[in-house]
Amino acid sequence: MIKVTKRFLVAGFAVLALSGCAAKAPEGPNGEALQQLAVVTTSGEHTFWVEIADEEPERQRGLMFRPPLEADRGMLFQWPGEAPREQSFWMRNTPSSLDILYIDPQGRIVSIASHATPFSESPIPSNGAANGVLELRAGRAEEIGARPGDKVLHAYFKP
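This is the structure in structure tokens:
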């Protein structure tokens, strides 16, 4: 009986030790867990950790007043329960240039606005119906070879 108990104790400690080593999602600036997203292009699958902006105050604020994004970070804007429509973004109070990827409900990239001008209030249209928008550090879309028609993998998009 004692050997069984020791075996279970050793197994229990091993499970605890391994669970402590498991990768934890990085946190955003407000302490929220970031979600993983992948962009699939002809050059492969490129993974990003994204903040989710799925409520109006988050979508309004976006990346305003924020330092430049790291190469593997982004923000995914979502409109749950709403039909896809023409979207338009601007760069008001956004100090660093961004790539803006407009995405349809199936996760296909509709269009890409590269190197959006910081602080600009000029509208940047999606040029097609979209219900998701991914913002990345300027130049990342080109670096990974992203093009309209490429796929974005995230639970928000329906395959």
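So the mapping is simple: the working numbering equals the position in the sequence shown, first residue as 1, plus 7. Built from N, CA and C at the ideal position, the CB exists for glycine as well.
(message) For residue 37, count the other beta carbons within 10 Å of its own beta carbon; 16 or more makes it buried, fewer makes it exposed. Which is it?
(response) Exposed, because fewer than 16 other Cβ atoms sit within 10 Å of the Cβ of residue 37.
(message) Checking 8 angstroms against the spacing of the C-beta atoms, do residue 92 and residue 120 come in under that value?
(response) Going by C-beta atoms, residue 92 is not nearer than 8 angstroms to residue 120.
(request) Take residue 28 and list the residues in its own chain whose beta-carbon comes closer than 8 angstroms to its own, dropping the five residues that flank it on each side. (result) With a pLDDT of 45 at residue 28, under the threshold of 50, the modelled position of this residue cannot be trusted, and the question is left open.
(message) So, does the region 104-119 touch the region 137-151, judging by three or more C-beta pairs under 8 angstroms?
(response) Contact between the region 104-119 and the region 137-151 is established, with three or more Cβ pairs separated by less than 8 angstroms.
(message) So, with DSSP's three-state summary, where would you put residue 85?
(response) In this structure, residue 85 counts as strand in the three-state DSSP scheme.
(request) Tell me whether residue 154 is buried or exposed, calling it buried when 16 or more other Cβ atoms sit within 10 Å of its Cβ. (result) With fewer than 16 other Cβ atoms within 10 Å, it is exposed.
(message) Quick check: the Cα distance between residue 78 and residue 90, rounded to an integer number of angstroms?
(response) About 31 angstroms.
(request) For residue 40, name the three-state secondary structure that DSSP assigns. (result) Correct three-state label for residue 40: strand.
(request) Could you tell me how far apart the beta carbons of residue 102 and residue 130 are, in whole angstroms, since I believe they sit closer than 8 angstroms? (result) The beta-carbon separation of residue 102 and residue 130, rounded to 19 angstroms, does not stay under the 8 angstroms limit for a contact.
(message) Between which residues of its own chain and residue 99 is the CB-CB distance below 8 angstroms, once the five residues before and five after are set aside?
(response) Same-chain partners within the cutoff: 71, 126, 127 and 128.
(message) Which residue wins for smallest C-alpha separation from residue 81, given the options 151, 150, 123 and 43?
(response) That would be 43, whose Cα lies nearest to the Cα of residue 81.
(request) Could you tell me the boundaries of the beta strand (DSSP E) in which residue 144 lies? (result) Segment 139-144, the beta strand (DSSP E) holding residue 144.
(message) My output table needs one value for residue 128: the three-state DSSP class, helix, strand or coil.
(response) In this structure, residue 128 counts as coil in the three-state DSSP scheme.
(request) Pick out the complete alpha helix (DSSP H) segments inside the region 47-92, 4 residues or longer, and give them in chain order. (result) If we require 4 residues or more, the alpha helix (DSSP H) runs fully inside the region 47-92 come out as 63-68.
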